[in-house]
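In my numbering, the protein residues as written are -16 to 204.
Heads up, the beta-carbon is just placed ideally off N, CA and C, and yes, glycines get one too.
Every value quoted in this text rests on a predicted model; they were computed, and no experiment measured them.
Below is one structure, written out as structure tokens; the observations come after it.
Here it is as structure tokens:
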């Protein structure tokens, strides 16, 4: 029951972030619902396909579509009836909460399917991150999971890793779930508000990179 409730909450929060992304691009209501839908179900759909779970979760239970529709249209209504334009941070916070809920619930679903902890961490990360990546691609944005300083996948990996570690230590599943989600959200919020980031990988190239026309052009001498 807890897993189902978390799934519905995660779907709602991700649908809100998708609707806000649609608003930033000035899309119509169909565009709003489309981005809300792919953001909310994208990661879970990929997870179910990889686990060979049939039918896909949102096809088996129409409540998911209802929650997505209500969340998306509700976001439009709230934004239109408030005086100030929602700050970009609002979408990032909604996205962080969705990431926390979906990554750990995805890890739990993988665990119940008999997947190892390592596989569960991967599938949990995919569940949490893939929907947002699809949303960003459709919005003509660099996916947040690939942006420097986002700690997006890092947060999901850390939280699901903590979840499995606590379960291995005998901690109750409910407590491990809440702590894991807290870790995901905390790492993501640290990246949003304090600029916490991983070190970047940079290649030191010479003055004229390979293929540079100015270097490869024949000399007049």
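Alpha carbon to alpha carbon, how far is residue j from residue i? Give it in angstroms, no decimals.
i	j	result
residue -12	residue 98	22 Å
residue 118	residue 187	33 Å
residue -4	residue 185	35 Å
residue 198	residue 183	The predicted model places residue 198 with a pLDDT of 49, which falls under 50 and marks its position as unreliable; any figure quoted below should be read in that light. Approximately 28 Å, taken between the alpha carbons.
residue 5	residue 130	19 Å
residue 103	residue 164	15 Å
residue 114	residue 3	14 Å
residue 177	residue 73	16 Å
residue 76	residue 171	9 Å
residue 80	residue 168	6 Å
residue 26	residue -6	10 Å
residue 89	residue 106	6 Å
residue 139	residue 93	14 Å
residue 51	residue 30	18 Å
residue -2	residue 36	23 Å
Would you say residue i faces chain C, with C-beta separation under 8 Å as the test?
i	result
residue 115	Protein chains in the displayed structure number just one, and chain C is not present.
If we count the other Cβ atoms within 10 Å of its Cβ and call it buried at 16 or more, is residue i buried or exposed?
i	result
residue 18	buried
residue 82	buried
Mind checking which residues open and close the alpha helix (DSSP H) that includes residue i?
i	result
residue 156	156 to 177
residue 139	135 to 151
residue 97	Unbroken run through residue 97: none, as it is neither H nor E.
Hey, would you say residue i sits closer than 8 Å to residue j, going by beta carbons?
i	j	result
residue 110	residue 85	yes
**Whole alpha helix (DSSP H) elements within the segment -11 to 70, 4-residue minimum** = 12 to 33, 40 to 43, 46 to 63
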